[in-house]
Amino acid sequence: MATKVAVVTGSNKGVGFGIVRALCKNFKGDVILTARNPELGQAAVQELGKEGLHPKFHQLDITDHASIIALRDFLQNTYQGIDVLVNNAGIAYKAASTAPFSEQAEVSLKTNYFATLDACEVLFPLLRPHARVSNVSSMVSQFALAKCSDAWKARFVSTDITMDELSDIMNKFIQATKNGTHKEEGFPETAYGVSKIGVTVMSLIQQREMDKKGADDIVINACCPGYVDTDMTSHKGKLTIDEGAETPVFLAMLPPGVKEPRGQFVREKAVADWKM
Ligand SMILES: NC(=O)c1ccc[n+]([C@@H]2O[C@H](COP(=O)([O-])OP(=O)(O)OC[C@H]3O[C@@H](n4cnc5c(N)ncnc54)[C@H](OP(=O)(O)O)[C@@H]3O)[C@@H](O)[C@H]2O)c1
712 MATKVAVVTG SNKGVGFGIV RALCKNFKGD VILTARNPEL GQAAVQELGK
762 EGLHPKFHQL DITDHASIIA LRDFLQNTYQ GIDVLVNNAG IAYKAASTAP
812 FSEQAEVSLK TNYFATLDAC EVLFPLLRPH ARVSNVSSMV SQFALAKCSD
862 AWKARFVSTD ITMDELSDIM NKFIQATKNG THKEEGFPET AYGVSKIGVT
912 VMSLIQQREM DKKGADDIVI NACCPGYVDT DMTSHKGKLT IDEGAETPVF
962 LAMLPPGVKE PRGQFVREKA VADWKM
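Following my numbering, the numbering of the sequence shown begins with 712 at its first residue and continues without gaps.
Set out below in C-alpha cells:
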C-alpha cells in the first residue's frame, strides 16, 4: 500500500508549524512541511528534527501557480495521492498599516482566497478516498459576514452558491474598494474578513462539489485556530501554536465515514454557526 501523506501549506512558522508538529506525532505517514522560502522551510524542519520529529520539506508559494504544479508533481510521483491537506498559508495586514484599503483588499484576497483556491484546484485531483482537507479560515469570517448587507449574507450562506459566483463576488469587493463604494455596495470594512468569508464559503462549496462527484468519503471543512500567539497577531494571541493547531489537526484526522463536521465551519473542534 502507498505511504500516506499529509501536506501543510505555510508551515515554516506559526500555526502551520504547530500543525506539522502535531501531525508528525499523530498521523501515520509522511508529513510535508512547505514554505515559500526554502531556507525558512529547511530551518523549520531542522528545528523539529531536534524534537525527534521528521517532516519532509517541499517549497510552495501558493501565489505562484508553477510552484503549486511542482508540489503536485512531487506528490504524484512520490505518493500517487494525498491523504491530508491543510490549507493554512495566509496573510493579514496589521491594523496600523497605512497601505490603501484597495491595496489591502487586492493583496489579501489574492493570497487568502484566490491562491488557496488555486492550490485546491491543482491538488484536489490527488485526494485519495477518505482524504481530509482542513482549510484554515478565521472567526473573523463570521464577524465579517455579520457586517455584510442582507443580500450578500443571503448569497454567502446559500447552498446553491457556486465557486464561480463566489469568485465573482470576491472580485466585486476588490473593484468596489478601488471605486471607494464597498460600503454602499454592502461589503464590510475588512479586507482580511472578506478574504476569510471567501475561505469559509469556498470550503462549504468544495464539500458539495465532492459529494456531487460521488467522492468516496472525502471530507472538507473550514476552521478557526483561535486567537494564537504568532507573528500575524504581533504575538497578542492567547493560545500557543500547539493549541492553535488543535482544531485544524482535529479536522485533518477525522475518522473514516465521519458524518459531522463535514462541509462546515468549525471552532474549538465544534461546528460553529454560518448563517444570516
Ligand atoms: N494567529 C491567529 O490568531 C489566527 C486566527 C485566525 C486565523 N488564523 C489563520 O491561521 C493561518 C496561520 O496564521 P499564523 O497566525 O500562523 O500566521 P503567520 O505566523 O504569519 O504564518 C503564516 C504562514 O503562511 C505563510 N505564507 C504567507 N503567504 C504565503 C504564500 N503566498 N505561500 C505560502 N505560504 C505563505 C507564511 O510564510 P512566510 O514565513 O514566508 O511569511 C507563514 O509560514 C492563516 O491562514 C491565518 O489567517 C490565524
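Note that beta-carbon positions come from the ideal geometry of N, C-alpha and C, so glycine has one too.
Near ligand 1: residue i beta-carbon under 7 angstroms from a heavy atom
| i | result |
| --- | --- |
| A771 | Per the sequence shown, residue 771 should be read as Leu rather than Ala. Within the cutoff, so yes. |
| C831 | no |
| K805 | no |
| K736 | no |
| K724 | yes |
| M913 | no |
| G909 | no |
| P972 | no |
| R783 | no |
| I802 | yes |
Through-space distance from residue j to residue i, alpha-carbon basis
| i | j | result |
| --- | --- | --- |
| I872 | L915 | 10 angstroms |
| L950 | C934 | 15 angstroms |
| E814 | F884 | 12 angstroms |
| K894 | M850 | 21 angstroms |
| K724 | K923 | 36 angstroms |
Per DSSP, the bridge partner or partners of residue i
| i | result |
| --- | --- |
| H769 | T745 |
| L965 | Looking at the DSSP assignment, L965 forms no beta bridge with any residue, so it has no partner. |
| F988 | Within the shown structure, residues of the chain are numbered from 712 to 987, placing residue 988 beyond reach of any answer. |
| I793 | L838 |
| A717 | V742 and V795 |
| A981 | R978 |
| L950 | V939 |
Cutoff 8 angstroms: residue i Cβ touching any chain C Cβ
| i | result |
| --- | --- |
| L915 | Of the protein chains in the structure, only one exists, and it is not chain C. |
- Task: Would you mind listing the alpha helix (DSSP H) stretches within the region 816–903 that are 4+ residues and don't spill past its ends, in chain order?
- Result: Taken in chain order, the whole alpha helix (DSSP H) runs of length 4 or more contained in the region 816–903 are 827–834, 851–857, 861–868 and 874–890.
- Message: Within 8 angstroms, do at least three Cβ pairs link the region 816–834 to the region 933–951?
- Response: Remark: fewer than three beta-carbon pairs, one from each stretch, lie closer than 8 angstroms, so the region 933–951 and the region 816–834 are not flagged as touching.
- Stretch pair the region 949–966 + the region 872–886: three plus CB contacts closer than 8 angstroms: Short answer: they don't touch.
- Would you say the region 815–823 touches the region 972–985, given that touching needs at least three Cβ pairs under 8 angstroms? Counting C-beta pairs closer than 8 angstroms gives fewer than three between the region 815–823 and the region 972–985, which falls short of the contact rule.
- Message: Is it the case that the region 852–867 contacts the region 775–788, given that we only count it when at least three CB pairs across the two stretches are under 8 angstroms?
- Response: These segments do not touch.
- Query: How about the region 832–844 and the region 784–802: do they share at least three Cβ pairs that are nearer than 8 angstroms?
  - Reply: Of all C-beta pairs linking the region 832–844 to the region 784–802, three or more are shorter than 8 angstroms, placing the two stretches in contact.
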